[in-house]
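Same order as they appear, the protein sequences are chains X and S.
One point on numbering: in our numbering, the residue at position 215 of the first sequence is 366, and numbering is uninterrupted.
One point on numbering: in our numbering, the residue at position 185 of the second sequence is 336, and numbering is uninterrupted.
Everything below concerns the one structure shown next.
Number of protein chains: 2
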Amino acid sequence: MTDRNEDPPKRGVTMADVGRLAGVSQVTVSRALSSPSKVSAETLQRIHDAIARTGFVPNALAGALASSKSNLVAALVPSVTNIVYASMLHAFSEIMWGHGYQIMLSETGYDPEREEKAIATHLSRRPDAILLTGVRHSPGARRMLLNAGIPVVEIWDISETPIDRCVGFSHVDAAIAAADFALSAGYLHAATITAGDERAQRRRDAFARHFGKRSGIAVQQIDFDRSATLGLGREAVVQLLQQDLPARTVLFCSSDQFAHGALVEAGAQGLSVPGDLAVIGFGDQDFAAQTHPPLTTVRIDRQVLGKQAAQALLAGFAKIGPSNAVHDVGFEFIQRGSA
Amino acid sequence: MTDRNEDPPKRGVTMADVGRLAGVSQVTVSRALSSPSKVSAETLQRIHDAIARTGFVPNALAGALASSKSNLVAALVPSVTNIVYASMLHAFSEIMWGHGYQIMLSETGYDPEREEKAIATHLSRRPDAILLTGVRHSPGARRMLLNAGIPVVEIWDISETPIDRCVGFSHVDAAIAAADFALSAGYLHAATITAGDERAQRRRDAFARHFGKRSGIAVQQIDFDRSATLGLGREAVVQLLQQDLPARTVLFCSSDQFAHGALVEAGAQGLSVPGDLAVIGFGDQDFAAQTHPPLTTVRIDRQVLGKQAAQALLAGFAKIGPSNAVHDVGFEFIQRGSA
DNA sequence: ATGAAAGCGCTAACAC
DNA sequence: GTGTTAGCGCTTTCAT
């Protein structure tokens with residue numbers, strides 16, 4: 152057994168070390184890095200040499216502590232494995248990175264309690280701003296966010312009472328648009344497949360209410376307490392078939408994943424789509440136009456959403472615009488072949 | 152134009168403030184939070200009351216600076232919108248979060264230069280460890296990482312010269328396994344579709360070399376400089392058809408995305424799979440078992456990979472095991488219907 | 001153009 | 001069980 156405690160002290164190179172080597176004081180090194188124009192060309196050169204020789208990496212922790220500016224932005228999303236959030240995040244971080252901000256990420260798994268814990272942990276790192284998914288948060292979370300005094304953007308939904316900024320779309324309107332389409336296309340019966348996600352449930356409720364009210368027929372609901380997967384979509388169709396499937400039924404899925412599964416299972420069972428069963432997805436993912444038949448769905452522009460969320464925070468930094476700005480990015484109903 | 156400078160000073164509540172309110176010193180507040188057992192139950196109560204009343208959120212920046220422990224882990228992946236990295240990341244962060252670490256994320260877009268910049272920025276935040284995707288890094292990146300003196304894990308590949316720990320699989324072996332299968336299944340011709348990704352190109356080369364050597368027939372290569380998408384997979388098949396497609400051709404795709412597209416386009420063109428064209432994917436994604444025909448592919452267990460990467464870092468913290476540990480998680484060739 | 005001093009909010013010794 | 005004293009490595013402010 153070798154002695155583990157013989158590691159070099161690993162103090163880390165500081166600005167003072169670099170300054171010593173370059174024959175200047177520590178502050179001059181600081182200036183050379185943050186406002187080089189205030190340092191003579193010659194000193195600048197010596198400092199950069201010293202940095203290269205020592206392999207100095209500035210300590211942003213100390214910098215942030217001293218300046219109350221961390222250049223960090225916290226982002227909380229339900230799940231990174233869900234492409235709709237991942238692609239939004241990608242667009243968001245491209246912009247933020249371009250403005251010198253780094254992203255601290257957490258997954259909340261659609262769980263407000265977990266979100267509250269994540270918010271607390273993130274706020275302790277003093278981010279310059281924070282992005283949240285959804286507009287429903289625990290009272291504790293709301294209070295912390297309000298106290299934090301930094302720009303906050305809530306995305307993927309719209310709110311009448313945003314914490315600060317808000318960029319999203321109306322889930323109720325999106326569901327109503329789908330119901331209106333189904334009604335006008337002449338479907339007589341409807342069913343829903345819904346994931347364990349508050350926004351999906353809100354869409355289901357709006358769809359069922361609207362379709363039910365106008366058709367007079369109750370909408371059959373299949374709910375899962377998990378995230379949407381292709382496999383669960385297949386399973387839902389199996390369940391639907393075990394009961395009896397009236398002619399001219401349309402299936403409103405809370406995600407394209409479910410819809411894809413429904414299509415696959417319909418195919419496997421010899422059902423024709425949309426003849427025997429019509430399917431409406433949600434999200435307009437990559438594959439939606441390539442399924443058989445191509446998927447009728449609701450498109451959300453995640454790129455735009457991510458970019459606008461970044462812009463909202465940037466505006467917050469500049470104290471531009473009201474601190475209760477709600478930006479509705481809308482949605483688009485895409486009719487393809489499945490309904 | 153209203154005056155923007157009238158904001159409240161927003162100094163933020165400190166431990167000293169909490170202590171004052173609770174009638175104790177600042178250190179006692181610190182102890183109450185980090186080792187409550189060292190504080191009397193009564194004082195603890197008063198401190199927690201004070202925290203609740205002030206809405207105090209500890210400043211982890213200051214804590215990290217003082218203790219040289221940030222509880223932050225940096226993770227650099229090519230892209231978060233690629234499910235294979237996203238799902239690895241999910242497994243990784245579940246474990247790290249469970250051990251009290253937060254994730255700082257960056258996307259490198261398969262670009263070593265961008266990776267080097269991201270590494271520099273991340274290291275300045277003094278993470279306790281760092282995860283990198285791939286084993287090829289710029290010399291500058293390598294040097295910084297070595298100097299940082301923190302556990303590093305390189306994933307998604309294996310290396311003879313890891314920076315520190317390494318968890319992945321052999322891309323060459325995976326490609327050879329695919330080529331061996333193709334050969335023994337009696338395919339006479341082969342083509343490849345490859346994304347703009349160094350590891351994908353290494354697989355292509357290994358496949359082409361191995362298949363070519365044993366069959367004596369050159370492998371036709373279609374390369375893209377972008378990430379794999381379903382659409383590009385379709386496009387590749389169109390290109391293949393414009394030239395002439397010999398009987399008994401197998402298509403080795405660098406990702407399931409390409410393979411899915413190839414399947415869709417083959418269907419659209421009236422080609423039978425695997426009769427007219429056989430297709431092999433890579434990754435075994437969610438949809439791979441559900442395509443028509445189901446996709447023959449190479450499975451990588453991303454959950455295991457992410458978990459093992461986390462374990463490697465945790466072992467690094469504990470100074471357990473050699474600092475040149477390479478962990479091969481392997482792969483599995485899955486024969487389904489497409490080849 | 002450069003430096004000296006103070007302090008950001010915490011943890012780490014070391015007292016008592 | 002609690003307090004005191006020193007920093008951690010920067011940025012800020014004020015001199016020069």
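For every residue, glycine included, the Cβ atom is placed at its ideal position computed from N, Cα and C.
Here's a check: name, in chain order, each residue in its chain whose Cβ is nearer than 6 Å to the Cβ of residue i, leaving out the five neighbours to either side.
| i | result |
| --- | --- |
| Val-180 of chain S | Met-166, Val-169, Gly-170, Ile-198 |
| Gly-319 of chain S | Ile-306, Trp-307, Asp-308, Ile-309 |
| Gly-481 of chain S | Phe-320 |
| Ala-242 of chain S | Gln-454, Gly-457, Lys-458 |
| Glu-483 of chain X | Arg-450 |
| His-443 of chain X | none |
| Tyr-252 of chain X | Asn-222, Val-224 |
| Ser-289 of chain X | Pro-263, Glu-267 |
So with CB distances below 8 Å, who are the chain X contacts of residue i?
| i | result |
| --- | --- |
| Val-415 of chain S | Gln-441 |
| Arg-365 of chain S | Here the premise fails: no neighbours, minimum Cβ distance about 34 Å. |
| Ser-221 of chain S | Leu-212 |
Which whole-angstrom value describes the C-beta separation of residue i and residue j, a residue pair presumed to lie in contact below a C-beta threshold of 8 Å?
| i | j | result |
| --- | --- | --- |
| Met-256 of chain X | Ile-254 of chain S | Rather than Met, the amino acid found at residue 256 of chain X in this sequence is Leu. Leu-256 of chain X to Ile-254 of chain S, Cβ: 5 Å. Contact. |
| Tyr-261 of chain S | Glu-349 of chain S | 7 Å |
| Arg-294 of chain X | Leu-339 of chain X | No, Arg-294 of chain X and Leu-339 of chain X are not in contact; Cβ-Cβ is about 48 Å, not under 8 Å. |
| Leu-542 of chain X | Ala-460 of chain X | No information on residue 542 of chain X is available, as it lies outside the stretch 152 to 490 that chain X covers here. |
Can you pull the chain S neighbours of residue i, defined as C-beta to C-beta under 8 Å?
| i | result |
| --- | --- |
| His-241 of chain X | Ser-230, Val-231, Thr-232, Glu-258 |
| Ser-186 of chain X | None at all; the shortest Cβ gap to chain S is about 18 Å. |
Among the residues of its own chain, which have a CB less than 7 Å from the CB of residue i, if the five just before and after it don't count?
| i | result |
| --- | --- |
| Gly-467 of chain S | Ala-280, Pro-302, Asp-315, Arg-316 |
| Gly-472 of chain X | Ala-466 |
| Val-334 of chain S | Reading off the sequence, residue 334 of chain S comes out as Leu, not Val. Cβ neighbours of Leu-334 of chain S beyond the five flanking positions: Phe-362, Arg-365, Ser-366. |
What do you reckon, are the CB atoms on residue i and residue j nearer than 8 Å?
| i | j | result |
| --- | --- | --- |
| Ser-474 of chain X | Gly-434 of chain X | no |
| His-411 of chain X | Leu-381 of chain X | yes |
| Phe-375 of chain X | Ala-329 of chain X | no |
| Gln-424 of chain X | Leu-414 of chain X | According to the sequence provided, residue 424 of chain X is Val. The question's Gln does not apply to it. Against a cut-off of 8 Å, the Cβ pair of Leu-414 of chain X and Val-424 of chain X comes out as a contact. |
| Pro-278 of chain X | Ser-218 of chain X | no |
| Ala-341 of chain S | Phe-409 of chain S | no |
| Ile-373 of chain X | Ile-344 of chain X | yes |
| Ile-270 of chain S | Leu-240 of chain S | no |
| Thr-272 of chain X | Pro-229 of chain X | no |
| Glu-416 of chain S | Val-388 of chain S | yes |
| Val-286 of chain X | Pro-263 of chain X | no |
| Val-132 of chain S | Arg-353 of chain S | Outside the displayed range of chain S (152 to 490) lies residue 132 of chain S, so it cannot be described from this structure. |
| Ala-419 of chain S | Ser-489 of chain S | no |
| Ala-213 of chain S | Leu-274 of chain X | no |
| Ala-292 of chain X | Glu-267 of chain X | yes |
| Ile-100 of chain S | Gln-436 of chain S | Within the shown structure, residues of chain S are numbered from 152 to 490, placing residue 100 of chain S beyond reach of any answer. |
| Ser-378 of chain X | Ala-326 of chain X | no |
| Thr-232 of chain S | Ser-238 of chain X | yes |
| Ala-211 of chain S | Arg-265 of chain X | no |
Once the 5 residues before and after residue i are set aside, which same chain residues still bring their CB inside 8 Å of it?
| i | result |
| --- | --- |
| Val-164 of chain X | Thr-205, Gly-206, Phe-207, Val-208 |
| Thr-194 of chain S | Ala-173, Val-175, Thr-179, Ala-183 |
| Gly-421 of chain X | none |
| Val-304 of chain S | Ala-280, Ile-281, Leu-282, Leu-283, Asp-315, Arg-316, Cys-317, Val-318, Ala-460, Ala-463, Leu-464, Gly-467 |
| Ala-440 of chain X | Leu-446, Arg-487 |
Could you tell me which chain X residues have their CB closer than 7 Å to the CB of residue i, listed as they occur along the chain?
| i | result |
| --- | --- |
| Ser-218 of chain S | Within chain X, no residue comes near Ser-218 of chain S; the closest Cβ sits about 10 Å away, beyond 7 Å. |
| Ala-237 of chain S | Val-231, Thr-232, Ala-237 |
What residues of chain S sit near residue i, judged by a beta carbon separation below 9 Å?
| i | result |
| --- | --- |
| Ser-244 of chain X | Val-231, Leu-256, Ser-257, Glu-258 |
Give, in chain order, every residue of the stretch 246–260 of chain X whose Cβ lies closer than 8 Å to some Cβ of chain S.
Per Cβ criterion, the list reads Trp-248, Gln-253, Ile-254, Met-255, Leu-256, Ser-257, Glu-258.
Note down, in chain order, all residues in the stretch 277–306 of chain S with a beta-carbon under 8 Å from any beta-carbon belonging to chain X.
Within the stretch 277–306 of chain S, contact with chain X at the beta-carbon level (separation under 8 Å) is assigned to Arg-277, Arg-294, Met-295, Asn-298, Ala-299, Gly-300.
When Cβ atoms are compared, which residues of the stretch 478–490 of chain X fall closer than 7 Å to chain S?
Close to chain S, meaning a Cβ-Cβ distance shorter than 7 Å, is no residue of the stretch 478–490 of chain X at all.
Could you run through the stretch 196–216 of chain X and flag, in chain order, every residue whose CB is less than 7 Å away from some CB of chain S?
For the stretch 196–216 of chain X, residues whose beta-carbon sits nearer than 7 Å to a beta-carbon of chain S comprise Gly-206, Val-208, Pro-209, Asn-210, Ala-211, Leu-212, Ala-213, Ala-215, Leu-216.
Going along the stretch 391–409 of chain S in order, which residues come within less than 9 Å of chain X, judged by CB to CB distance?
Using a CB distance below 9 Å, the part of the stretch 391–409 of chain S facing chain X consists of Gln-408, ordered along the chain.
Determine which residues of the stretch 424–448 of chain X have a Cβ less than 8 Å from any Cβ of chain S, and write them out in chain order.
The residues in question are Asp-437, Phe-438, Gln-441, His-443.
Closer than 9 Å, Cβ to any Cβ of chain S: which residues of the stretch 357–389 of chain X, in chain order?
Only Thr-380, Leu-381, Gly-382, Arg-385 from the stretch 357–389 of chain X bring a Cβ to less than 9 Å from some Cβ of chain S.
Using a Cβ cut-off of 9 Å, which residues of the stretch 261–275 of chain X contact any Cβ in chain S, in chain order?
The residues in question are Ala-269, Ala-271, Thr-272, His-273, Leu-274, Ser-275.
Compile a chain-ordered list of the residues in the stretch 329–356 of chain X whose CB is closer than 9 Å to at least one CB of chain S.
Residues passing the 9 Å Cβ filter: none.
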